[in-house]
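Chemist: Numbering-wise, my numbering puts 1114 at position 387 of the sequence shown, and it's gapless, one number per residue. Idealized CB from N, CA, C, for every residue including glycine. Computed from a predicted structure; not experimentally measured.
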Amino acid sequence: MHSHRSIWSFVIAALCVTVVSPIRAEPSPTLQAPLRALLKGKLAARAQIAFLAVDLADGRTLMAHTPKRRLNPASVSKLFTTLTALDHFGPSHRYVTLVATDSLRNGIAQNLYLRGEGDPGLSELDLIAIALQLKRAGVSKVRGRIVVDRRAFDRRTLPPAFEQKKTEDWYRPTIDALATNQGYVTIVVDGRERPVGAKPRVTLIPNCDYLRLDNRATLRATKKGEALVISARADGTRTLVTISGSLRVGRTAARRKRIYHASRFAASLFRRQLRRVGIQAPSGLDFGALPAKARVLVRWKSAPLEALVARTNKTSSNFMAEMLLKSLATSKDGEPASFAAALEMVRRYLRERVKLSPGFTLKNGSGLYDANRFSPSQIVALLRYASRDPYLFPYFRNSLSVAGTDGTLRLRFRGETTKRKIFAKTGTLDGVSAIAGYLRSRRGRRVAFAVLINGPVVPYRKYRELHDRIVKLIAEQN
């Protein structure tokens, strides 16, 4: 896993020998009274709460409450996926999307092959750039078909535990070796500059012939009775977007909905870009293998893994986390990657490298739904392990949201003692709120912490306010 590291990183590690201290169970006395007050509140009494904060310099426990209790960490689970990916591939790793043909004569390609290997960041702009490169390579027409090679991944496209709910929302995406736009489409319904009784304008972003639109909505004069429904479902090998109900004149609405066939959507969007740059492209679409003797026309490289991991953690993208996870199991011998194999790789990494205590549960890479179970002690163990790696740690820490600055912490922890001093991953589900990461305390201590709250379903801000108060106590009183 460490072949990507340069020799200098090992030299630094050797010169900067750090004694790895075990966690010392000595909570700071100054923290106990305010913490007891927090835990006596009505909300805290109804929930399961577990937390741990440790001084990275000496392993001393600064704060703890049932730190070995295993709870659902929600999207904090992405820490395990992204650190494993960084260590396995290296921060400079790039995914490659290939475009090839079996014949190109006088600007006419017979078949055009599009092979993906799991790039989590592939976008419409990337597909436009690929189309332009094909144009520059002399392609003016595709006579045969566009053939998608998705064999880098197996055919299971729904990540584990995603079947627990049937929601069509964007955060429950399908996964494939060739996928784009994070697996969703944005639907914008616009009631401006249209009369009462007319249909609103509907824009799909991005749009292509894979998507079908059924606009049944009408515009009304008043807000009373307004009820707009935006839905998406599988319709054969396409996704059908339906707009129904009513919208008030002058208003707009937007929703993000999942794509049901990731590779078909990507291929259809690619075909649209070919036509946009002036390449005649066929309507036909097939799935098959890239021929061994095919001529590669474009070798498109993704952003470096460090950037993809930062997008994953800062935006808490379930799509990117599950793509990163599954790509771990890709192999040079051509065996398709599976979620089962990838999850076992992460579990083995946590057991053998991080030396995580037994008893954790890891069923998916994103933390969506009732899938994973970790304790604050186990999460802090991962954070401490990462902090001791002089090569990986800067990339890992920089992938986390920064208090009061970016990501999911952009509008949180904006006070003088916390702004830009907390680097953390957050997690939110119905009845679940979590946060874990690093902070620099008021007295200059470097701290690793994890706070997990599981309980009745209440407005998410209530649990968030509770664990944010706990984190502020750590920062301000140490």
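For Ala702, tell me which candidate among Gly865, Ala1163, Ser867 and Arg1026 has the shortest Cα-Cα distance.
Modeler: There is simply no residue 702 to check, as the chain begins at 728 and stops at 1205 in what is shown.
Chemist: Can you give me the Cβ contacts of Val1185 inside the same chain, cut-off strictly under 8 Å, excluding the 5 residues immediately before and after it?
Modeler: Locating residue 1185 in the sequence shown gives position 458, counting from the first residue. Within the same chain, Val1185 has close Cβ partners Leu770 and Gly1158.
Chemist: Restricting to Cα atoms, I'd like to know which of Ile986, Pro1018, Leu765 and Asp1060 is closest to Phe1046.
Modeler: As a position in the sequence shown, residue 1046 is number 319, starting the count at 1. Of the listed residues, the one whose Cα sits closest to Phe1046 is Ile986.
Chemist: Reducing DSSP to helix, strand and coil, say where His988 ends up.
Modeler: As a position in the sequence shown, residue 988 is number 261, starting the count at 1. In the structure shown, His988 sits in coil (DSSP, three-state: anything other than H, G, I, E or B).
Chemist: Taking the straight line between their C-alpha atoms, what separation do you get for Lys795 and Gly1086?
Modeler: As a position in the sequence shown, residue 795 is number 68, starting the count at 1. As a position in the sequence shown, residue 1086 is number 359, starting the count at 1. Computed Cα separation, rounded: 10 Å.
Chemist: Quick one: grab the DSSP three-state call for Arg1078.
Modeler: What you label residue 1078 is simply residue 351 of the sequence shown in a count that begins at 1. Arg1078 falls in the helix class under three-state DSSP.
Chemist: Would you mind sorting Glu1049 into buried or exposed? The rule is 16 or more other CB atoms within 10 Å of its CB.
Modeler: Your numbering for residue 1049 matches position 322 in the sequence shown. Its Cβ being crowded by 16 or more others within 10 Å, Glu1049 is buried.
Chemist: Looking only at C-alpha atoms, which of Leu996, Thr949 and Ala856 sits nearest to Val976?
Modeler: Residue mapping note: residue 976 aligns to position 249 of the sequence shown, counting from 1. Of the residues Leu996, Thr949 and Ala856, the one whose Cα lies closest to the Cα of Val976 is Thr949.
Chemist: Could you give the distance in angstroms between the alpha-carbon of Leu742 and the alpha-carbon of Leu783?
Modeler: Position 15 of the sequence shown holds residue 742. Position 56 of the sequence shown holds residue 783. With a pLDDT of 38 at Leu742, under the threshold of 50, the modelled position of that residue is not reliable, and the figure given next carries that caveat. Answer to the nearest angstrom: the Cα atoms are 19 Å apart.
Chemist: Give the straight-line distance between the Cα atoms of Tyr1118 and Val1129, rounded to the nearest whole angstrom.
Modeler: By 1-based counting over the sequence shown, the position of residue 1118 is 391. By 1-based counting over the sequence shown, the position of residue 1129 is 402. Going from the Cα of Tyr1118 to the Cα of Val1129 covers about 20 Å.
Chemist: With three or more C-beta pairs closer than 8 Å as the rule, is the region 915-929 touching the region 942-958?
Modeler: yes
Chemist: Which of helix, strand or coil does DSSP assign to Lys951?
Modeler: Within the sequence shown, residue 951 is the residue found at index 224, counting from 1. Here Lys951 sits in coil by DSSP.
Chemist: Rounding to the nearest angstrom, what Cα-Cα distance links Gly972 and Val956 in this structure?
Modeler: Within the sequence shown, numbered from 1, the residue matching residue 972 stands at position 245. Within the sequence shown, numbered from 1, the residue matching residue 956 stands at position 229. Looking at the two C-alpha atoms, the distance is approximately 6 Å.
Chemist: Check whether the Cβ atoms of Thr1153 and Leu1136 lie closer than 8 Å to each other.
Modeler: One-based indexing of the sequence shown puts residue 1153 at position 426. One-based indexing of the sequence shown puts residue 1136 at position 409. Yes, these two residues count as a Cβ contact at 8 Å.
Chemist: Check whether the region 885-893 touches the region 817-826, taking contact to mean three or more Cβ pairs, one atom from each stretch, closer than 8 Å.
Modeler: No, they do not touch.
Chemist: Pick helix, strand or coil for Asp962, following the three-state DSSP scheme.
Modeler: Taking the first residue of the sequence shown as position 1, residue 962 is located at position 235. In the structure shown, Asp962 sits in a strand (DSSP, three-state: E or B).
Chemist: What runs of the beta strand (DSSP E), each 3 residues or longer, lie entirely inside the region 1094-1156?
Modeler: Entirely contained in the region 1094-1156, the beta strand (DSSP E) runs reaching 3 residues are, in chain order, 1149-1156.
Chemist: How long is the line joining the alpha carbons of Pro1063 and Asp876, rounded to whole angstroms?
Modeler: One-based indexing of the sequence shown puts residue 1063 at position 336. One-based indexing of the sequence shown puts residue 876 at position 149. Straight-line measurement puts the Cα of Asp876 at about 11 Å from the Cα of Pro1063.
Chemist: How should Pro1121 be labelled, buried or exposed, when 16 other C-beta atoms within 10 angstroms of its C-beta is the threshold for buried?
Modeler: Here the question's residue 1121 lines up with position 394 in the sequence shown. Exposed: under 16 other Cβ atoms inside 10 Å.
Chemist: Measuring straight from C-alpha to C-alpha, what distance separates His820 and Pro1018?
Modeler: Sequence index remark: in the sequence shown, residue 820 carries index 93 (1-based). Sequence index remark: in the sequence shown, residue 1018 carries index 291 (1-based). The straight-line gap from Cα to Cα measures roughly 25 Å.
Chemist: If we count the other Cβ atoms within 10 Å of its Cβ and call it buried at 16 or more, is Pro900 buried or exposed?
Modeler: Stepping through the sequence shown from its first residue, residue 900 is reached at position 173. By the 10 Å Cβ count, Pro900 comes out buried.
Chemist: Which first and last residues belong to the beta strand (DSSP E) in which Tyr840 is found?
Modeler: The count along the sequence shown starts at 1 and reaches residue 840 at position 113. Counting along the chain, the beta strand (DSSP E) containing Tyr840 begins and ends at Leu839 to Arg842.
Chemist: One question on the structure: do Ser1029 and Leu1035 come within less than 8 Å of each other, judged by their Cβ atoms?
Modeler: For the purposes of this step, residue 1029 is taken as residue 302 along the sequence shown, with counting starting at 1. For the purposes of this step, residue 1035 is taken as residue 308 along the sequence shown, with counting starting at 1. Yes. Within cutoff.
Chemist: Are Leu1024 and Ala864 closer than 8 Å when you measure CB to CB?
Modeler: Along the sequence shown, one-based indexing puts residue 1024 at 297. Along the sequence shown, one-based indexing puts residue 864 at 137. It is a contact, given that the beta carbons lie within the stated cut-off.
Chemist: Which residues in the same chain have their Cβ closer than 8 Å to the Cβ of Val744, if we skip the five residues on either side of it in sequence?
Modeler: Residue mapping note: residue 744 aligns to position 17 of the sequence shown, counting from 1. Here Val744 scores only 38 on pLDDT, less than 50, and its place in the model should not be relied on; the value that follows carries that caveat. Within the same chain, Val744 has no close Cβ partners at all.
Chemist: Should the region 1088-1100 be called in touch with the region 998-1006, which here means at least 3 C-beta pairs below 8 Å?
Modeler: no
Chemist: Excluding the 5 residues flanking Arg1026 on each side, which residues of the same chain have their C-beta closer than 7 Å to its C-beta?
Modeler: Along the sequence shown, one-based indexing puts residue 1026 at 299. These residues qualify, in order along the chain: Val823 and Leu825.
Chemist: Pull up the DSSP beta-bridge partners for Phe880, would you.
Modeler: As a position in the sequence shown, residue 880 is number 153, starting the count at 1. For Phe880, which the question treats as bridged, DSSP gives the partners Ala1064.
Chemist: Go ahead and pull the three-state DSSP assignment for Phe1014.
Modeler: The residue you call residue 1014 lines up with position 287 of the sequence shown. Three-state result, Phe1014: strand.
Chemist: Between which two residues does the alpha helix (DSSP H) holding Ile776 run?
Modeler: On the sequence shown, residue 776 is found 49 positions in, with the first residue counted as 1. Membership of Ile776 in any alpha helix (DSSP H) is not indicated; the residue belongs instead to the beta strand (DSSP E) covering Gln775 to Asp782.
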